[in-house]
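Working notes for the structure below.
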Amino acid sequence: MFAVVAGQALPLFQGVAPEEQVRATLDQLIQVGEERFGLTGIQVADGPVAETPAPVGPYDALLDAAMDALNANDFAGAVQAYKNVLADDPANPDAKAGLVQAELLARVTKLDPQQTRKDAADRPADPAAQIAAAELDLAGGHVEDAFSRLVDTVRVTAGDDRDAARVRLLELFEVVGADDPRVSAARTALARVLF
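For what it's worth, the working numbering labels the leading residue of the sequence shown as 536, then goes sequentially.
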């Protein structure tokens with residue numbers, strides 16, 4: 536964030552800053568404006584006060600662009616928009632969830648549903664086949680089936696195969712949302728299988 540003082544851009548802070556830091560910085564800028572440039576504060580207009588729009592978050596435009604890209608089936612564009620937000624704000628929950636969802640949709644649209652289900656049925660211990668089928672299940676709204684499939688895959692595999700299924704299951708939890716009771720049930724089932 537920059538402030539323009541006497542025609543000069545002054546850097547204030549980078550990225551998202553805590554509210555108290557922003558308020559303190561703005562208070563200092565107002566004080567400098569009063570002392571150096573004779574600013575006397577806020578002038579209130581006569582008559583009714585106009586409604587001001589709700590403040591826009593620093594990443595709302597990027598998040599809106601990502602959602603528009605998702606709605607237009609431009610999954611690569613959505614992925615990039617979410618990654619742009621996460622580059623500046625790695626903990627942004629909307630961008631994290633959106634990125635996982637966009638990546639899932641990008642993978643699922645490349646699958647042949649019949650072949651994917653056949654491969655999963657023919658190779659129950661193949662994590663790649665089970666992951667693809669689980670993602671197809673989830674995209675089709677069969678959340679419990681997707682979770683159950685990957686919990687079973689974790690149970691019957693070992694090493695890197697087991698880890699791949701477990702990691703993808705955790706990603707699918709993010710797509711559905713931590714507050715969903717199906718996620719809680721699947722986490723419990725996963726814990727039983729792992730320990």
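Cβ atoms here follow ideal geometry from the backbone N, Cα and C, with glycine treated the same way.
- Going by beta carbons, Val689 and Ala700 fall inside the 8 Å limit.
- Spanning the alpha carbons of Ala611 and Asp629 requires a straight line of approximately 17 Å.
- Taking 8 Å as the cut-off, the beta carbon of Ala632 is found closer than this to the beta carbon of Glu709.
- DSSP places Leu646 outside any alpha helix (DSSP H), giving it a letter other than H or E.
- With contacts defined as CB atoms closer than 8 Å, Arg684 and Gln665 qualify as a contacting pair.
- Between Val728 and Val686 a beta carbon distance of about 6 Å is seen, short of the 8 Å cut, so the two are scored as contacting.
- Annotation: the continuous alpha helix (DSSP H) that includes Pro662 extends over Pro662 to Ala674.
- Residues of the same chain with a CB within less than 6 Å of the CB of Ala721, apart from the 5 flanking positions on each side, are Phe682 in chain order.
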